[in-house]
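Quick note, the sequences are listed as chains A and B, same order.
Under numbering that gives the first Met the number 0, the first residue of the first sequence is numbered 0, with each subsequent residue one higher.
Under numbering that gives the first Met the number 0, the first residue of the second sequence is numbered 0, with each subsequent residue one higher.
C-beta: ideal position from N, C-alpha, C; glycine also.
None of the values given here were measured: they were computed from a predicted structure.
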Amino acid sequence: MRKLIAAALAAALTLGLAACGEKTQVTVYEPGKYKGKLDAKPWDNEQFKGNQAAWEDAVKARSLAQNEYVRTQQ
Amino acid sequence: MARMKFLCDAERCIECNGCVTACKNEHDIPWGVNRRRVVTLNDGVPGERSISVACMHCSDAPCMAVCPVDCFYKTNEGVVLHDKDLCIGCGYCFYACPFGAPQYPQDGAFGLRGKMDKCTFCAGGPEKDFSEAEFKKYGRNRLAEGKLPACAEMCSTKALVGGDADVVADIYRQRVMARGKGAEVWGWATAYGKPEQKAAPQPGGKS
């Protein structure tokens with residue numbers, strides 16, 4: 000009888016602790032990192048010679064020129 | 000730093016497809032690939048509206064998130080670009096993109112899907128600026144020339160506006176003020192809803 004109880008207790012203990020070894024099944028997605036070639040800055044060329052401010056001014060002037068309200072009221 | 004964006008004014012677009020033609024011509028795009036398309040809503044119904052659609056250069060781009068080979072990158076100017084040398088042409092980005100921007104040229108004898116091609120905001124790609132390799136893979140690099148995308152600059156009615164998001168927003172705001180309507184077409188209420196002031200649907204048109 001004692002052996003039976005001991006066996007039952009051991010089985011209960013084993014089953015009870017079985018869940019402790021369970022691994023999480025939720026996948027954590029991590030954003031990937033770009034693996035390709037590096038691209039040059041748009042102002043790193045002969046026209047702008049690395050002058051970022053000059054490039055920004057050129058693009059801004061073009062952007063503003065899209066507003067015909069400004070162009071027609073000049 | 001500029002954050003490049005496109006905006007298409009549905010009140011102005013006349014479906015001329017000038018932007019599509021300008022894009023194809025500027026970058027020598029092969030047959031069957033359309034980096035930009037004009038979509039018409041309620042076609043043929045009085046009050047129909049058209050918008051020009053290409054890659055929207057999303058701030059949190061889903062194509063970047065799903066790419067299994069991580070070939071996408073975002074420039075400091077907010078332009079989403081990719082490295083064609085890494086692309087495997089799997090098509091995941093096409094399914095992830097809400098605008099259908101990724102395109103696949105026919106490649107090989109049996110019409111196999113080639114490497115993905117999409118709008119670059121005329122910013123070229125990860126090759127030496129103005130090189131033949133850059134033009135062949137990604138098209139002309141107008142941004143490095145201090146110019147804006149050809150589609151926006153070519154638009155005859157200036158429906159398609161491109162450039163720094165702040166400037167684009169200012170231009171559109173001024174138009175809406177001049178028109179006295181249209182703020183509801185593209186804006187906070189359209190994106191997130193405004194339950195206390197719901198715009199009544201109008202027959203035949205969007206605005």
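Thinking C-alpha only, which one of D59(B), A9(B), C22(B), C70(B) is nearest K180(B)?
-> K180(B) has its Cα closest to that of A9(B), out of D59(B), A9(B), C22(B), C70(B).
Does the segment 139–156 of chain B come close enough to the segment 16–24 of chain B that 3 or more CB-CB pairs lie under 8 Å?
-> Yes: at least three Cβ pairs fall under 8 Å.
Thinking just about the alpha-carbon of each residue, which of C7(B), C118(B), K157(B) is nearest to the one in N140(B)?
-> The residue with the shortest Cα to Cα distance from N140(B) is C118(B).
Minimum Cβ-Cβ distance from L148(A) to chain B less than 9 Å = Absent from the model: residue 148(A). The displayed extent of chain A is 0 to 73, so no value can be given.
Give a yes or no on whether the minimum CB-CB distance between M63(B) and chain A is below 9 Å.
-> Among the CB atoms of chain A, one or more fall inside 9 Å of the CB of M63(B).
Measure the C-alpha to C-alpha separation of S58(B) and K73(B) and round it to an integer number of angstroms.
-> One Cα belongs to S58(B), the other to K73(B), and the distance between them is close to 9 Å.
Compute the minimum distance between the beta carbon of K157(B) and the heavy atoms of the ligand ZN, and state whether it is under 8 Å.
-> In the structure shown, the ligand ZN is absent, as is every other ligand, since no ligand is present at all.
Selection from G162(B), G145(B), R172(B) that minimises the alpha carbon distance to P41(A) | Relative to P41(A), the option among G162(B), G145(B), R172(B) whose CA is nearest is G145(B).
Assumed close pair P101(B), C92(B) - CB separation to whole angstroms, cut-off 8 Å | The C-beta distance from P101(B) to C92(B) rounds to 5 Å, short enough to fall under 8 Å.
Do three or more CB pairs link the segment 14–31 of chain A to the segment 41–55 of chain A at distances below 8 Å?
-> Contact between the segment 14–31 of chain A and the segment 41–55 of chain A is absent, because fewer than three Cβ pairs lie under 8 Å.
Say whether chain A places a C-beta atom closer than 9 Å to the C-beta of E25(B).
-> Not flagged as an interface residue toward chain A: E25(B), since no C-beta distance is shorter than 9 Å.
Please report how far the alpha carbon of R36(B) lies from the alpha carbon of A53(B), in whole angstroms.
-> So the two alpha carbons sit approximately 6 Å from each other.
Quick one: what's got a C-beta closer than 6 Å to A164(B)'s C-beta in the same chain, skipping five residues either side?
-> The answer, listed in chain order, is R2, K4.
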